[in-house]
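Q: Residue numbers (my numbering): 547 to 838.
Beta carbons: idealized from backbone N, C-alpha and C, even for Gly.
Below is one structure. I have some questions about it.
Right, dumping it as structure tokens:
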């Protein structure tokens, strides 16, 4: 498991009081209490690579080691040796971990319309590879090398898919302003290389997204989306154009596909988004893709 698990092992007394009966906290605390002190970054955030048994047994792992492939490999080998001894002792079945098509974060589970949100820098010239996600040569570099990968993934969900559905005529209609504002403030942010909070309400200077039914194909509605947005704060900005296309099945009452892309220049920096040496303006793209 590679994860930021600070909230499963809270050190703040108030946070601990809130989570003391949470089974996830109790599980991870059993593991954390067995981690050697040199690997545990106490006090501090709990993020890294962890090898955990089914009853929270410590196999190996620790804080801040995920950037060095050789160290991770060595720890995995030790964890597997400990696992073999543990499963023999406790009679564990050693079954394969079941594969799942997709793991969604808790905040979107059960929602009717879920988007994966892909964020990346875009090339600035023929010899500029700032929009790359990852290269083999990145393996073995320090963990802070992630700021060069220029790629991230978020999620957003909406309760009612029909918010993105125009009427039966072929005239352009605006997307509900409240839905559009949430989309702009929540996911049209510059966290390609790090963490950025949502835009505040007063940062949203412009937001428009028209939707129009173009045609019918095999009984589906083909829908086009066009618009623009502009968000500005004291320290950063983003001003993309918006484009999209979707296929709505009126028989099943669902979208077969829906993609909306934002492309434009961003500038400035946030506290944790790793832009201190790359203030822009520079092109950035964000794509919302319907999750199956």
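Taking the alpha-carbon positions, what's the residue 769 to residue 787 distance?
A: For residue 769 and residue 787, the distance between alpha carbons rounds to 17 Å.
Q: For residue 580 and residue 634, I'd like the C-alpha separation in whole angstroms.
A: Distance between the alpha carbons of residue 580 and residue 634 is about 20 Å.
Q: Which full runs of the beta strand (DSSP E) of 3+ residues lie inside the segment 619-673, going along the chain?
A: Entirely contained in the segment 619-673, the beta strand (DSSP E) runs reaching 3 residues are, in chain order, 659-667.
Q: If you reduce the DSSP assignment to three classes, tell me which class residue 763 lands in.
A: Strand.
Q: Using C-beta distances below 8 Å, list every residue in its chain close to residue 826, excluding the 5 sequence neighbours before and after it, in chain order.
A: Cβ within range, chain order: 811, 812, 813 and 814.
Q: Just to confirm before moving on: does the CB-CB distance between residue 718 and residue 671 stay below 8 Å?
A: No, they are not a contact pair.
Q: Quick check on the burial criterion: 16 or more other C-beta atoms within 10 angstroms. Buried or exposed for residue 808?
A: Result: buried.
Q: Can you give the Cα-Cα distance for residue 665 and residue 829, rounded to whole angstroms?
A: Their backbone Cα atoms lie some 11 Å apart in a straight line.
Q: Which same chain residues end up closer than 7 Å to residue 588 when comparing Cβ atoms and leaving out the 5 residues on each side of it in sequence?
A: The answer is none, since no qualifying residue turns up.
Q: Cβ atoms of residue 742 and residue 790: under 8 Å apart, would you say?
A: No, the pair does not count as a contact, with Cβ atoms beyond the cut-off.
Q: Which residues mark the beginning and the end of the alpha helix (DSSP H) in which residue 788 is found?
A: It is not in any alpha helix (DSSP H) - residue 788 instead sits in the beta strand (DSSP E) that spans 782-795.
Q: For a test of the three-state rule: what should DSSP assign to residue 771, helix, strand or coil?
A: Residue state, collapsed to three classes: strand.
Q: Could you round the C-beta distance between residue 703 and residue 657 to whole angstroms and report it? I think they count as a contact, below 8 Å.
A: With 8 Å as the limit, residue 703 and residue 657 qualify as a contact, their Cβ atoms being about 3 Å apart.
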